[in-house]
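Asks: The opening residue of the sequence shown carries number 266 in the working numbering; numbering runs sequentially from there. Where is the CB? At the ideal position from N, CA and C, for every residue including glycine.
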Amino acid sequence: MIARLWRRRPADDVEAPTVDDPLSVPSRPTAAPRDALDIARSRLSIAGALFVVLFGVIALRMAHVSLLREAGEGGGPGTAVAGNTVRAERAEIVDRNGVIMATSLPVASLFVNPRQVIDVDEASRKLSSVLPEFKPDDIREKLESGKSWVWVKRALSPREQDAVNRLGLPGFEFQNQERRIFPQGAIAPHILGYTDVDNTGVAGIERTFDQRLRQGEKLTLSIDMRLQRFVEQELARAVQKFSAIGATAAVMDANTGEVLALASLPAYDPNKHRTISPEALFNRSTLGVYEQGSTFKIFNTAMVLDTGRFTPASAFDAREPIKIDRFTINDYHGQHRVMSVSDIFKFSSNIGSAKMALELGVEGQRAFYDKIGFLKPLPVELPEVGRPLFPKHWRKINLLTIAFGHGMSVTPLHVVSGTAAMINGGIYHPPTLLKRDGPRAAEVGVRVIQPRTSQQMREMLRLVVSEGTGKSADVPGYEVGGKTGTAEKPGKSGYREKALISSFVGAFPMRAPRYVVMVSIDEPKGTKETGGHATGGWVAAPSVKAIIERITVLYGIPPVDPAAAAKAMAASDAAAAREAAKPAQAPAPPPAATKPAAAKTAGTTIDQILGTTPQPGGR
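Shown next as structure tokens:
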């Protein structure tokens, strides 16, 4: 519709419409036509300008929202300003009792728009004075990059953020982010893993459940931090005592597959993961595959008994070494006689174990190890899992050597989960690092041997500790059972005789097993106390005993044989009394000054934790 504009005439000049002509209008004005046209143009110009401004605002708003979304998803600092919000907090990881193992704290990351920096030299000098890990030249290089933004430092401590703010440097801003904190310090690092600078899980549980944790879903592990801490301390004591290069230990609930403690040495502090060695990052418990030595006799014996053709009393001739190809199979403990299955197990006879394996043959042996999960990686919730090594072409020589733990390599956690199945009634429960309730455990359990076989294995495992090579693991009153294992490590030209992996796997109480404990020491050296011996019974069994004693205290487990426990307690008290009665000796001179121990994270303030490791910008 075209609007007609006119200037009203004086009343006496206007021709009034008539009833006969209702559509008639006043005649077009003749006065000042140029003024009317100017008014129309002005009004149209104003309307057009308003439309331009309105659409411009909408476009800018849409671009702003889009950039903010990109920053939130990708962590880019292009739109970061002081006080902006970030994505939902990464969820906590807690142990089975609710103790926090990993959590996230809000932190500020510093970035700069170099184009807004007025004086590069002054900014470089001032910033390096409050962030001493940077030299002025380092900062100057960032400021002269020609980019519109550059990270300066990620995850500043509160003290550092305050110091930078006080400088008042133009062009420098903060972006709110998260920093992953591990309050327990260097405890359970191989379980937890760690995150990168963008708070993304890159190892351990943090990596496996990265998406779940990002969505804010708290994770409850099967680990008991009280037990985990003690296991790591005991393992460190054994490594030091026997001058070993490393060690591993695990504690499992035999009836659910829950891992209550899992340790690997050397270890590291996940709060400082950028400064550690590859050796410390390596998880021996789940990633390291080793020949396990005589602990494999647990599975060889169960395999033979489960056929129903043999009993613990069945006899095998172990008088002579077995020669096959260019190899000779002999016994370390040298019984050299006809032995029952029970004695073969108790005295750890290689000859007897090999003779037993011959009764099943290659296919029977392979099928059994496949059934208990030894031919595939562990189904545990860690990315760091090793693939077992076994013969591609399984021959007679492999059959014989695997019977006593050589020629096949698995992880220590394979041995623990397999042992649990041998003694809990015959049910294999896949190992898990997540808290698992009873009904759930029953759903995932699979029968691998008969209950009768399991009962026979419990009786023989008890004999190893009460009468055989595992006496050092015995805890009076608790009916501990177990098996020693000592394996020579392979080298470039054969086995290295003095490079051993010495292990002991134990369980208790044997009449109704609940817990399985394994300790493996890598390349231990014999001591005067052990008579120079460095085998599993000498170096690993005592640590298993110490861990079992701690478990009984932590969980309030009463002895199954109170009389035996009381007798042992009385003997211990008598020994302590004799020691106290000895004449006092002169105090030893003070030790020489030593290098201070590395600072631990547990118990420090948040500011101290955030300030422990420099984190320069960049990825």
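Mind checking which residues open and close the beta strand (DSSP E) that includes TYR780?
Replies: Its beta strand (DSSP E) spans residues 780-787.
Asks: DSSP state of GLY617, grouped into three classes?
Replies: Residue state, collapsed to three classes: helix.
Asks: Mind listing, in chain order, the continuous beta strand (DSSP E) runs of no fewer than 3 residues lying wholly within the segment 524-559?
Replies: Counting whole runs of 3 or more residues, the segment 524-559 contains the beta strand (DSSP E) stretches 524-530.
Asks: List in chain order: all unbroken beta strand (DSSP E) runs of 3+ residues lying wholly within the segment 457-503.
Replies: Within the segment 457-503, the complete beta strand (DSSP E) runs of at least 3 residues are 466-468.
Asks: How would you call ARG727, buried or exposed, if buried means at least 16 neighbouring beta carbons within 10 angstroms?
Replies: Counting Cβ neighbours within 10 Å, ARG727 comes out buried, since at least 16 surround it.
Asks: Sorted by chain position, which residues of the same chain lie with C-beta nearer than 8 Å to TYR780's C-beta, five sequence neighbours on each side aside?
Replies: Hits under 8 Å: VAL516, MET517, ASP518, ALA519, LEU525, ALA772, PHE773, ILE813, ILE816.
Asks: Which whole-angstrom value describes the C-beta separation of ARG712 and GLY733, a residue pair presumed to lie in contact below a C-beta threshold of 8 Å?
Replies: Not confirmed; about 28 Å, so no contact.
Asks: Hey, out of ALA619, PHE495, LEU527, whose CA is closest to LEU457's CA?
Replies: When each option's Cα is compared against that of LEU457, the closest is LEU527.
Asks: Have a look at PRO827, LEU375, MET490 and flag the residue whose alpha-carbon is nearest the alpha-carbon of ARG419.
Replies: Selected option, being the one with the closest Cα: LEU375.
Asks: What does DSSP give as the partner residues of LYS754 in its beta bridges?
Replies: DSSP, once it has assigned bridges, lists ARG761 as partnering LYS754.
Asks: Can you name the start and end residues of the alpha helix (DSSP H) that GLN426 belongs to?
Replies: 423-432 is the extent of the alpha helix (DSSP H) around GLN426.
Asks: Would PHE592 be called buried (16 or more neighbouring beta carbons within 10 Å of its own) or exposed?
Replies: PHE592 should be labelled exposed.
Asks: Which two residues bound the contiguous beta strand (DSSP E) that contains PRO401?
Replies: Unbroken run through PRO401 is the alpha helix (DSSP H), 401-408; no beta strand (DSSP E).
Asks: So, do the segment 793-806 and the segment 745-752 have three or more beta carbon pairs nearer to each other than 8 Å?
Replies: Verdict: yes, contact present.
Asks: For THR666, which residues of its own chain have a beta-carbon under 7 Å away from its beta-carbon, when the five flanking residues on both sides are left out?
Replies: Same-chain partners within the cutoff: GLY672.
Asks: By the three-class DSSP mapping on this structure, what secondary structure does MET366 have?
Replies: The answer is strand: DSSP assigns MET366 an E or B state.
Asks: Which first and last residues belong to the beta strand (DSSP E) in which GLU438 is found?
Replies: Taken as a continuous stretch (DSSP letters only), the beta strand (DSSP E) holding GLU438 covers 437-446.
Asks: Within 8 Å (strictly less), CB to CB, does GLY672 reach chain B?
Replies: The structure shown has no chain B; it contains just one protein chain.
Asks: Using the rule of at least 16 other Cβ atoms within 10 Å of the residue's Cβ for burial, across every protein chain shown, is SER758 buried or exposed?
Replies: Flag for SER758 reads exposed.
Asks: Does the segment 562-581 touch the segment 608-623, meaning 3 or more C-beta pairs lie closer than 8 Å?
Replies: Yes, since at least three Cβ pairs between the segment 608-623 and the segment 562-581 fall closer than 8 Å, the two stretches touch.
Asks: I'd like to confirm the pairing. Which residues does DSSP put opposite ARG712 in its beta bridges?
Replies: Looking at the DSSP assignment, ARG712 forms a beta bridge with ILE692.
Asks: Measuring CA to CA, which of GLN476, ASN548, VAL429 is closest to LEU421?
Replies: Cα-wise, what sits closest to LEU421 is VAL429.
Asks: Within the same chain, show all residues whose beta-carbon is closer than 8 Å to that of ILE688, passing over the 5 residues directly before and after it, in chain order.
Replies: ALA519, SER719, MET722, ARG723, LEU726, GLY746, ALA772, MET775, PRO778, VAL781, listed in sequence order.
Asks: May I ask you to list the residues that DSSP assigns as paired with PHE376?
Replies: BP columns for PHE376 point to TRP416, GLU438.
Asks: Whose CA, out of GLU788, SER768, VAL784, PHE769, lies closest to the CA of TYR760?
Replies: Closest by alpha carbon: GLU788.
Asks: Would you report the Cα separation of HIS694 and PRO397, rounded to the nearest angstrom?
Replies: Approximately 52 Å, taken between the alpha carbons.
Asks: Among the residues of its own chain, which have a CB less than 6 Å from the CB of ARG444, if the five just before and after it don't count?
Replies: Counting only Cβ-Cβ distances below 6 Å, and skipping sequence neighbours, we find LEU370, VAL372, ALA420.
Asks: Per DSSP, PHE592 is paired with what?
Replies: Per DSSP, ILE589.
Asks: What do you reckon, are the CB atoms on ALA545 and PRO531 nearer than 8 Å?
Replies: For ALA545 and PRO531, yes; Cβs fall inside 8 Å.
Asks: Measure the C-alpha to C-alpha separation of VAL351 and PHE439 and round it to an integer number of angstroms.
Replies: Reliability of the predicted coordinates at VAL351 is poor, the pLDDT of 43 falling under 50, and no value is obtained from them.
Asks: What is the DSSP secondary structure of THR697, reduced to helix, strand or coil?
Replies: Strand.
Asks: Rounding to the nearest angstrom, what Cα-Cα distance links HIS601 and ARG631 in this structure?
Replies: Cα to Cα, HIS601 sits roughly 28 Å from ARG631.
Asks: Measure the alpha-carbon distance for THR473 versus SER550 and round it to whole angstroms.
Replies: Each residue's alpha carbon lies about 17 Å from the other.
Asks: According to DSSP, is ASP214 part of a helix, a strand, or is it coil?
Replies: A question about residue 214 goes unanswered here, because the residues of the chain that appear run from 266 up to 884.
Asks: Assess, as a yes-or-no matter, whether the segment 474-492 is touched by the segment 502-509 under the definition of 3 or more beta carbon pairs within less than 8 Å.
Replies: Touching, no.
Asks: Rounding to the nearest angstrom, what Cα-Cα distance links LEU570 and TYR634 in this structure?
Replies: Roughly 15 Å between the two C-alpha positions.
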